[in-house]
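In the working numbering, the protein residues as written are 5 to 182. For every residue, glycine included, the Cβ atom is placed at its ideal position computed from N, Cα and C. Everything below concerns the one structure shown next.
Structural data, given as structure tokens:
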């Protein structure tokens with residue numbers, strides 16, 4: 005019995021060490037799981053944000069081309085409203101599911117900026133569908149759409165803790181040599 009009592013402190017030390025080691029491993033695994041889960045959600049949100057932007061840009065590019073056909077935009081590849089119709093319908097069909105995923109996974113700020121951007125794009129669509137020939141009004145719509153796009157990307161970068169990016173505001177008309 006005395007031998008057992010002499011070894012009891014060592015046995016207690018082994019049990020405490022094993023318990024401490026177990027707790028450290030469990031805490032480490034939980035922290036790693038949380039980090040991995042956060043990284044997966046960030047990757048998924050980035051994919052949703054990117055898909056929404058791509059879907060919206062399809063519509064934007066088509067409106068540029070139709071506006072060029074009408075004489076409002078300098079886009080080098082004009083397309084008639086009739087030719088653009090099926091492509092615009094497909095772009096809208098692709099935009100809706102991307103928007104639903106954005107609403108589900110996006111932050112409030114990103115979703116709000118996406119709503120403003122799509123509202124600007126829809127104004128461009130209405131202008132184009134009306135057949136209006138007014139290059140100055142078209143340029144105002146373009147400026148609004150570009151500002152909304154920039155705010156969307158800024159909100160995305162803030163949500164994902166990314167560094168500031170390029171505003172992507174470059175001239176769309178050729179520079180004159182004079």
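- Item | Beta-carbon proximity of residue 60 to residue 122, cut-off 8 Å | Contact flag set, yes.
- Rounded to the nearest angstrom, how far is the Cβ of residue 117 from that of residue 156, given a contact under 8 Å? Between residue 156 and residue 117 the Cβ distance is about 4 Å, and since that is below 8 Å, they are a contact.
- Measuring alpha carbon to alpha carbon, tell me which of 83, 54 and 58 ends up nearest residue 68. Comparing Cα-Cα distances from residue 68 to each of 83, 54 and 58, the minimum goes to 83.
- Task: Pick out the complete alpha helix (DSSP H) segments inside the region 114-180, 4 residues or longer, and give them in chain order.
- Result: Counting whole runs of 4 or more residues, the region 114-180 contains the alpha helix (DSSP H) stretches 139-163.
- Over the uninterrupted alpha helix (DSSP H) stretch that includes residue 97, give me the two end residues. Unbroken alpha helix (DSSP H) run through residue 97: 85-109.
- Mapping DSSP to helix, strand and coil, what is residue 73? Here residue 73 sits in helix by DSSP.
- Quick one: what does DSSP say residue 80 is sitting in, helix, strand or coil? Three-state result, residue 80: coil.
- Item | Own chain partners of residue 152 with C-beta closer than 6 Å, once the 5 adjacent residues on each side are dropped | So the list reads 120, 121 and 124, once near-sequence residues are dropped.
- Go ahead and label residue 77 buried or exposed: buried means 16 or more other beta carbons lie within 10 angstroms of its beta carbon, across all protein chains shown. Buried, by the Cβ-count rule.
- Task: Name the residue from 42, 111 and 132 whose alpha carbon lies nearest to the alpha carbon of residue 92.
- Result: Of all alpha-carbon atoms in 42, 111 and 132, the one lying nearest the alpha-carbon of residue 92 is that of 132.
- Sub-8 Å separation of residue 49 and residue 164 beta-carbons: Cβ atoms of residue 49 and residue 164: closer than 8 Å.
- Rounded C-alpha distance that separates residue 89 from residue 41: If you take the alpha carbons of residue 89 and residue 41, they lie about 42 Å apart.
- Item | Spatially closest choice to residue 129 from 29, 38 and 74, by CA coordinates | Out of 29, 38 and 74, the CA that lies nearest to the CA of residue 129 is found in 74.
- Task: Report the residue from 58, 79 and 71 whose alpha carbon sits nearest the alpha carbon of residue 96.
- Result: Restricting attention to 58, 79 and 71, the CA atom closest to the CA of residue 96 is found in 58.
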